[in-house]
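Residue numbers (our numbering), protein chains in the order written: chain H, 1 to 107; chain X, 1 to 132.
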C-alpha cells in the first residue's frame, strides 16, 4: 500500500482502514453462517467481495485467504462433495483467524 | 480546467468508500458513486461522466451487461469504461479487454497508483484526439 504524500489524506485512509478493520470479525462470522447452512453461492459472493476489498485496505494476507476461499467455493458450487466441503471449512478457519488478527491490528 | 468526473459503480460499500477517497483526494477527480448498474445507468444518462469505473461481478446486472447497455444508448455510448475486478487469471482479464474497455484494473489496487492509471487513460485519449 503506497502512502499518500498529504498527511491529511493519509489520516483519512487510516480512518477508513480502521473502520474496515472493525467490520472484519462480523464479515467472517457472516461467512461462517453462510457456509454452515450450505449457502455456497452467497458464501462465494461474500468471499469474493473480501478478496477484492481486504488488499485495497492493506490487509494483503487476509485478501489472499479470501481469494483461496473464493476459489474453493467456486468448485464446491459445481461439486459439493465431502472433500471439497472439508477444504472450505479449512480455508474458512484460516480466514477467520486472519480476520481476527487484522481486526486487532487495524484499529 | 474543470476536474474530470468519474462514476464509480460497485455493490461493495467498502470499495466505493476507498475508491472515492483515492480518486478525489489523491487524484483530484470529481467522483459520483452508484451501488448498482441500474442506478448507474440512470446517473450516466442524466450526466455522462468522463469515465466510468465499473465492477465486473455485481448481483443483478453485472459489469459486462451494464457495458452493453451503455454502448446501446447514444447518450452514453462513448463514455470510456474501466473494469474493476477481483478476477486474476490472464484468460479472464483478456476476455474483459475483448469487450472493448479502456482498461481492466485488478483488485486489490494501490490507492496512489489508481488515480495515476486513470490519468494516463485520459492522456492517451487526448493524444489520440478522442478526449471528451
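Think of the CB as a built atom: it goes at the ideal place given N, C-alpha and C, for glycine as much as any other residue.
Counting C-beta neighbours from all protein chains within 10 Å, is the total for residue 131 of chain X 16 or more, i.e. buried, or is it exposed?
Low per-residue confidence applies at residue 131 of chain X: pLDDT is 48, beneath 50, and the placement is therefore not dependable, though the value from the model is reported in the following sentence. Per the 10 Å Cβ criterion, exposed.
is_contact[residue 95 of chain X, chain H] using C-beta, thresh 8 Å:
no
Taking 7 Å as the limit between beta carbons, can you name the residues of its chain near residue 26 of chain H, skipping five residues before and five after?
none
Do we get a CB-CB distance below 8 Å when we pair residue 123 of chain H with the residues of chain X?
Shown here, chain H extends from 1 to 107; a query on residue 123 of chain H therefore has no answer.
Short check: CB of residue 26 of chain X to CB of residue 56 of chain H, under 8 Å?
no
According to the Cβ coordinates, are residue 67 of chain H and residue 51 of chain H closer than 8 Å?
yes
Alpha carbon to alpha carbon, how far is residue 69 of chain H from residue 22 of chain X? Give it in angstroms, no decimals.
28 Å
Closest by C-alpha distance to residue 71 of chain H, when choosing among H/91, H/58, H/7 and H/54:
H/91
Validate contact between the segment 35-44 of chain H and the segment 56-66 of chain X using beta carbons, cut 8 Å, 3 pairs:
no
Is residue 126 of chain X helix, strand or coil by DSSP?
helix
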